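K.L.:
Quick one: structure below, then a few questions.
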Amino acid sequence: MNKDHVEAIHLIADLGLRLRSIASSNIDVSVHPPFTDLRSVEGIIGAESLPVFLGAQHCSAHEHGAYTGEVSVEMLRRLSVSHVIIGHSERRQIYAMSDADVAATTVAVHGGGMIPIICVGETQEEHEDGVTKEVLAHQVNSALTGIAAGSEERTVLAYEPIWAIGTGLAASGDDAQEVCSYLRSLLKDARGEVADEMRILYGGSAKPENTLDYVAQPDIDGLLVGGASLEGESFAAMIEAVATCYGSSAT
Numbered sequence: 511m512n513k514d515h516v517e518a519i520h521l522i523a524d525l526g527l528r529l530r531s532i533a534s535s536n537i538d539v540s541v542h543p544p545f546t547d548l549r550s551v552e553g554i555i556g557a558e559s560l561p562v563f564l565g566a567q568h569c570s571a572h573e574h575g576a577y578t579g580e581v582s583v584e585m586l587r588r589l590s591v592s593h594v595i596i597g598h599s600e601r602r603q604i605y606a607m608s609d610a611d612v613a614a615t616t617v618a619v620h621g622g623g624m625i626p627i628i629c630v631g632e633t634q635e636e637h638e639d640g641v642t643k644e645v646l647a648h649q650v651n652s653a654l655t656g657i658a659a660g661s662e663e664r665t666v667l668a669y670e671p672i673w674a675i676g677t678g679l680a681a682s683g684d685d686a687q688e689v690c691s692y693l694r695s696l697l698k699d700a701r702g703e704v705a706d707e708m709r710i711l712y713g714g715s716a717k718p719e720n721t722l723d724y725v726a727q728p729d730i731d732g733l734l735v736g737g738a739s740l741e742g743e744s745f746a747a748m749i750e751a752v753a754t755c756y757g758s759s760a761t
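Quick note on numbering: the working numbering labels position 103 of the sequence shown as 613, and the sequence is numbered without any gaps.
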């Protein structure tokens, strides 16, 4: 919960200026401001023709009705939102968002023609107990029930170890690769080779200094950036590093 609509305008404008000198056409960049900022950010993106997609941090699985405080997929679609984060660890932990809720929301997001970014990850306790794979398998297999055949290419999976979010305790590149490789194997077991079309991101204290440690890994296709995206300079530096790493053949 960062940046009011005025602050968001300044941030996206600053990012836009920095992106002018970065060859980022070979990668996809999305920004996910709070609901109250979406209209303002949409206006800047459109007016400046910025090479970024507009995303939301959450949405309801319901189309309409008595769900006070919720925002539907259709409401977001009318604001040109194209990507939605689903099941972020804070939604799971603080607001008790269940695996079933994640699957249902994924169905709604796909139904609205948007791309879901589905978050999975283990807690510090689960990490220390050595049950990371078991936890992730349950989360991924549940999420897959909300992904129709043929929708894999328009689905993103984000590994966010909860113990690394906002703590500065980032997983090493090798450790993140090991987990993301396991996630890829889960997807292949369930969907076959089409799983290669699903992008897997790493999120957890990612910053300019460690960006290349992650994106150079074979099973990490990008980053879900938290605190480092709140400043145009650091976010742009990460975008430039990713674009340079992936080269002109990346998508």
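We put the CB at the ideal spot given by N, CA and C, even for glycine. In this text the structure is predicted, and so the values were computed from the model without any measurement.
In whole angstroms, what separates the C-alpha of R664 from that of I625?
P.N.:
On the sequence shown, residue 664 is found 154 positions in, with the first residue counted as 1. On the sequence shown, residue 625 is found 115 positions in, with the first residue counted as 1. When rounded, the distance between both Cα atoms is 5 Å.
K.L.:
I555 and A753 look like a contact to me (Cβ under 8 Å); what is the Cβ gap, rounded to whole Å?
P.N.:
In the sequence shown, counting from the first residue as 1, residue 555 sits at position 45. In the sequence shown, counting from the first residue as 1, residue 753 sits at position 243. Not really, about 18 Å apart at Cβ, beyond 8 Å.
K.L.:
How about the segment 609-623 and the segment 670-685: do they share at least three Cβ pairs that are nearer than 8 Å?
P.N.:
Taking a contact to require three or more Cβ pairs closer than 8 Å, the segment 609-623 and the segment 670-685 do not qualify as touching.
K.L.:
Return the chain-ordered list of same chain residues with a C-beta closer than 8 Å to the C-beta of G622, the five sequence neighbours on each side being excluded.
P.N.:
Translated into the one-based positions of the sequence shown, residue 622 becomes position 112. Taken in chain order, the residues that qualify are V583, E584, L586 and R587.
K.L.:
Applying the criterion that 16 or more other CB atoms from any shown protein chain within 10 Å of the CB defines a buried residue, is R530 buried or exposed?
P.N.:
As a first step, residue 530 must be located in the sequence shown, where it is residue number 20. With fewer than 16 other Cβ atoms within 10 Å, it is exposed.
K.L.:
Using only CA atoms, which one of E635, N512, C690 and K717 lies nearest to L711?
P.N.:
Taking the first residue of the sequence shown as 1, we reach residue 711 at position 201. Closest option to L711, Cα to Cα, is C690.
K.L.:
Does the pairing of the segment 556-566 with the segment 588-596 give three or more beta-carbon distances under 8 Å?
P.N.:
yes
K.L.:
Whose C-alpha, out of G714, L734, S744 and V645, is nearest the C-alpha of D538?
P.N.:
Taking the first residue of the sequence shown as 1, we reach residue 538 at position 28. Of the listed residues, the one whose Cα sits closest to D538 is L734.
K.L.:
Hey, quick one: how far does the beta strand (DSSP E) through V594 stretch, first residue to last?
P.N.:
Numbered from 1 along the sequence shown, position 84 holds the residue referred to as residue 594. That run of the beta strand (DSSP E) goes H593 to I596.
K.L.:
Just to confirm before moving on: does the CB-CB distance between Q649 and V630 stay below 9 Å?
P.N.:
What you label residue 649 is simply residue 139 of the sequence shown in a count that begins at 1. What you label residue 630 is simply residue 120 of the sequence shown in a count that begins at 1. Against a cut-off of 9 Å, the Cβ pair of V630 and Q649 comes out as a contact.
K.L.:
Here's a check: name, in chain order, each residue in its chain whose Cβ is nearer than 7 Å to the Cβ of G742, leaving out the five neighbours to either side.
P.N.:
Residue numbering aside, residue 742 sits at position 232 when the sequence shown is read from its first letter. Answer for G742: L521, D524, L525 and R528, listed in chain order.
K.L.:
Taking just the CA atoms, how far does E644 sit from T633?
P.N.:
In the sequence shown, residue 633 corresponds to position 123, counting from 1. In the sequence shown, residue 644 corresponds to position 134, counting from 1. Going from the Cα of T633 to the Cα of E644 covers about 12 Å.
K.L.:
If you follow the beta strand (DSSP E) that A753 is part of, which residue opens it and which one closes it?
P.N.:
Sequence index remark: in the sequence shown, residue 753 carries index 243 (1-based). Careful: A753 lies outside any beta strand (DSSP E), inside the alpha helix (DSSP H) at G742 to Y756.
K.L.:
Report, in whole angstroms, the separation of the C-beta atoms of P543 and K513, which I expect to be a contact under 8 Å.
P.N.:
To locate residue 543, count along the sequence shown from 1; it is residue 33. To locate residue 513, count along the sequence shown from 1; it is residue 3. Right, the Cβ-Cβ distance comes to about 6 Å (below 8 Å), so this counts as a contact.
K.L.:
Rounded to whole angstroms, what is the Cα-Cα separation between A686 and P728?
P.N.:
Here residue 686 is taken as the residue at index 176 of the sequence shown, counted from 1. Here residue 728 is taken as the residue at index 218 of the sequence shown, counted from 1. For A686 and P728, the distance between alpha carbons rounds to 11 Å.
K.L.:
If I measure Cβ to Cβ from H637 and keep anything under 6 Å in the same chain, skipping five residues before and after, which residues do I get?
P.N.:
Counting from 1 along the sequence shown, the entry for residue 637 is found at position 127. Contacts found: W673.
K.L.:
Within 10 Å of its beta-carbon, does M708 have 16 or more other beta-carbons around it, so buried, or fewer, so exposed?
P.N.:
Residue mapping note: residue 708 aligns to position 198 of the sequence shown, counting from 1. Its Cβ being crowded by 16 or more others within 10 Å, M708 is buried.
K.L.:
Going by the CB atoms, is the gap between I675 and G640 shorter than 9 Å?
P.N.:
Here residue 640 is taken as the residue at index 130 of the sequence shown, counted from 1. Here residue 675 is taken as the residue at index 165 of the sequence shown, counted from 1. Taking 9 Å as the Cβ cut-off, G640 and I675 do not qualify as a contacting pair.
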